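Trainee: So in the numbering used here, spot 317 of the sequence shown is number 320, and the numbers just go up one at a time.
From the three backbone atoms N, C-alpha and C, an ideal C-beta is built for every residue, glycine too.
Predicted model, so just to flag it, every value in this text is computed and none were measured.
Here's a structure for you.
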Amino acid sequence: MTALTPTPVTVHVLDWQPALAELPGMAAGIARDHAIEHWAQQCWQDLCTALPGQQHAVLATPGNVEEAARLYLASPQVQGWLHSPLAEAPRWRPAAGEVLSDAAVLAAERGFCAADAALLGMMAALAALDQSLSTVPAGFTRQRRYFPLLGEPRPAAFSPMPRALFQPGHPHALYAVMGDADWVIRCMEMGVKLVQLRLKDPAPGELDAQIARCAEAAGRHGALLIINDHWQAALRHLLHRNGHGIYGVHMGQEDLQTLSDADLDRLMLSGLRLGLSTHSLWELSRALRTRPSHVACGPVHATTTKDMPWIPLGDTNVGWWAQLVHGEGDAHQPPLPLVAIGGMQPDRAEAAAAAGADMVAVVSDITGAADPAHAVQALREAIARGHGQRGATPAPEWPEPTLRPVPCVPMY
């Protein structure tokens, strides 16, 4: 198979009942879940060995047993339980498995990797269950109420961002992401009202000092300050400085996975907003499970600030991400604002805003400009023009792939 030949992707929809055959008749809860997880992962490993040169995912379902629609996913990208986003999950029915399989085939034909194809398949199954259909429902990809969540949905949401973010011309449309306190403060002095401190590998003592400087400046300039990744330092600042200056934290996917539900509870109860990065459908699924304050998608265009494996999302995916997170699953899952990030310049910022981004995050177009103040003004004007064009082009029915599938490699 040459590099130019796409890797075939297959989503295997399997009845998990064999996994329970050796359990005691009344086994339930954690023991039952562990048996299903182990069985599904073993099936995935066996498929990788038996059918090399492909990328596989296993979705374990209740089969002929009608219980809450909750499936286990084993794939090269991610493993975990997929849940309905609704407060009351629909009941699984056998016909939903056929819908899932058919929709996953459609997704695989569009070039999605195994995890994302499986997730889109379950999205179709949830729509079919809701609409009492036995075929893939039309437009199932457009509704957040059908988008599965990777992990059990958290019972409470993080504090929301300002509702004005959904309105054109709001003051936080330009989101400056800066690598040190000097640039954070400089952006605030240029009138930027939403600024992130993204300080990588700080020296001992440097992190708290830089956060304190940024927080003081945010209070002085009436700006919203977001701290990237260093959530514990943000909490320390809240405890020792009475919450002065810090509005929220932003987490990448790797750092999000290090947080326990207890950690998330601490963050939520502090009142800090939570923003989460997403690059793929399964990452969006994992992010929405936490019920954050907003989500970011990227890289929209190729960027030099990070070395990442992702295919740039482009404005088509910005439009799809936006229509999904702007939708309301139910009262449990309210609309969320969207940040677009990656390779942003004025023309690209305008296009992202027109596609549906509520905020556009910018890094090097400000820090690398000969005249940063002029760059800030040009970006502001571009985003405002984009917001004025919002709705002119309908959101796409399908997202586009953001990761090229490669053949599975068994773990034994």
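(1) Pop quiz: C2 and P408 are said to be a contact at Cβ under 8 Å. What is the actual Cβ separation, rounded to whole angstroms?
(2) Classify N231: buried if its beta carbon has 16 or more other beta carbons within 10 angstroms, exposed otherwise.
(3) Taking the C-alpha atoms as reference points, what is the distance between R388 and Q82?
(4) Does the stretch 255 to 268 come close enough to the stretch 131 to 143 that 3 or more CB-CB pairs lie under 8 Å?
(5) Less than 6 Å between C-beta atoms, sequence neighbours within five positions excluded: which residues of the same chain meet that for P11?
(6) For Q1, does the count of other Cβ atoms within 10 angstroms reach 16, so buried, or fall short, so exposed?
(7) Of the residues C300, V252, P312, which one's Cα is nearest the Cα of G322?
(8) When you compare each of M181, D204, W324, P349 to T370 by their alpha carbons, which one comes out closest?
(9) Whose CA, out of Q45, S288, A220, Y250, lies closest to the CA of E192?
(10) With D18 as the anchor, note down where its beta strand (DSSP E) starts and where it stops.
(11) Does DSSP put A179 in a helix, a strand or coil?
(12) Looking at C-beta atoms only, is the number of pairs between the stretch 10 to 26 and the stretch 55 to 73 that lie closer than 8 Å three or more?
(13) Is P158 a contact residue of the ligand ADP, with contact defined as CB to any heavy atom under 7 Å?
(14) Would you mind stating whether A356 and V365 have Cβ atoms separated by less than 8 Å?
(15) With a threshold of 16 other CB atoms inside 10 Å of the CB of S288, please say whether the residue is buried or exposed.
(16) What residue range does the beta strand (DSSP E) around R276 cover?
(17) For the stretch 34 to 117, which segments carrying the beta strand (DSSP E) assignment without a break, of at least 3 residues, lie completely within its bounds, in sequence order?
(18) Closest by CA to P340, which one among P171, D333, R351, A325?
(19) Roughly how many angstroms separate the alpha carbons of M126 and H86, rounded to a whole number?
(20) Could you compute how far the alpha carbon of G394 sits from the alpha carbon of A358?
(21) Apart from the five residues just before and just after W401, which ones in its own chain have a Cβ nearer than 6 Å to its Cβ?
(22) CB A218 to CB L202, shorter than 8 Å?
(23) So for H233, helix, strand or coil by DSSP?
(24) In this structure, what does DSSP give as the bridge partners for Q199?
(25) Grab me the residues of L275's own chain with a C-beta within less than 6 Å of its C-beta, minus the 5 sequence neighbours each way, in chain order.
(26) Is A291 near P88, with beta carbons less than 8 Å apart?
(27) Taking N320 as the reference, which of Q348, L284, D350 has the closest Cα?
(28) Report buried or exposed for D333, applying the criterion of at least 16 other Cβ atoms within 10 angstroms of its Cβ.
(29) Please classify M347 as buried or exposed, where buried requires at least 16 other C-beta atoms within 10 Å of its C-beta.
(30) Taking DSSP as the reference, what is the three-state secondary structure of M4?
(31) Pull up the distance between the alpha-carbon of A212 and that of V187, whole angstroms please.
(32) Since A302 and I344 are thought to touch, with beta carbons under 8 Å apart, how far apart are those beta carbons, to the nearest angstrom?
(33) Indicate whether A111 and A118 have their beta-carbon atoms separated by less than 8 Å.
Mentor: With the given structure in hand:
(1) Lying outside 4 to 415, the shown extent of the chain, residue 2 is not represented and no answer is given.
(2) That one is buried.
(3) Cα to Cα, R388 sits roughly 41 Å from Q82.
(4) Counting Cβ pairs under 8 Å, fewer than three are found: no touch.
(5) Result list for P11: Q57, in chain order.
(6) What the structure shows of the chain is the stretch from 4 to 415, and residue 1 is not part of that stretch, so it cannot be assessed.
(7) When the alpha-carbon of G322 is set against those of C300, V252, P312, the nearest one is in C300.
(8) The shortest C-alpha separation from T370 is found at M181.
(9) The shortest C-alpha to C-alpha distance from E192 to any of Q45, S288, A220, Y250 is the one to A220.
(10) Here the beta strand (DSSP E) through D18 covers 12 to 18.
(11) In this structure, A179 counts as strand in the three-state DSSP scheme.
(12) A contact exists between the stretch 10 to 26 and the stretch 55 to 73.
(13) Of ligands this structure carries none, so the ligand ADP is not represented either.
(14) No, the Cβ-Cβ distance between A356 and V365 is not below 8 Å.
(15) So S288 ends up on the buried side.
(16) Segment 276 to 281, the beta strand (DSSP E) holding R276.
(17) Complete beta strand (DSSP E) runs here, min 3: 58 to 64, 73 to 77, 82 to 86.
(18) Of the candidates P171, D333, R351, A325, the one whose C-alpha sits nearest the C-alpha of P340 is A325.
(19) Separation of M126 and H86 (C-alpha to C-alpha, rounded to the nearest whole angstrom) is 10 Å.
(20) Those two C-alpha atoms are separated by around 8 Å.
(21) Excluding residues within five positions, the ones whose Cβ falls inside 6 Å are T144.
(22) Not a contact, by the Cβ cut-off of 8 Å.
(23) In this structure, H233 counts as coil in the three-state DSSP scheme.
(24) Q199 pairs with V180, I229.
(25) Hits under 6 Å: G251, V252.
(26) First, the residue type needs correcting, since residue 291 is Leu and not Ala in the sequence shown. Closer than 8 Å, so yes.
(27) The shortest C-alpha to C-alpha distance from N320 to any of Q348, L284, D350 is the one to L284.
(28) Result: exposed.
(29) By the 10 Å Cβ count, M347 comes out buried.
(30) In this prediction, M4 scores a pLDDT of 41, lower than 50, which makes its location untrustworthy; the coordinate-derived value is nonetheless stated afterwards. Here M4 sits in coil by DSSP.
(31) Their Cα atoms are separated by approximately 13 Å.
(32) Per the sequence presented here, residue 302 reads as Pro, with Ala not at that position. Going by Cβ atoms, the distance from P302 to I344 rounds to 7 Å, so yes, they are a contact pair.
(33) Their beta carbons are not under 8 Å apart, which means A111 does not touch A118 by this criterion.
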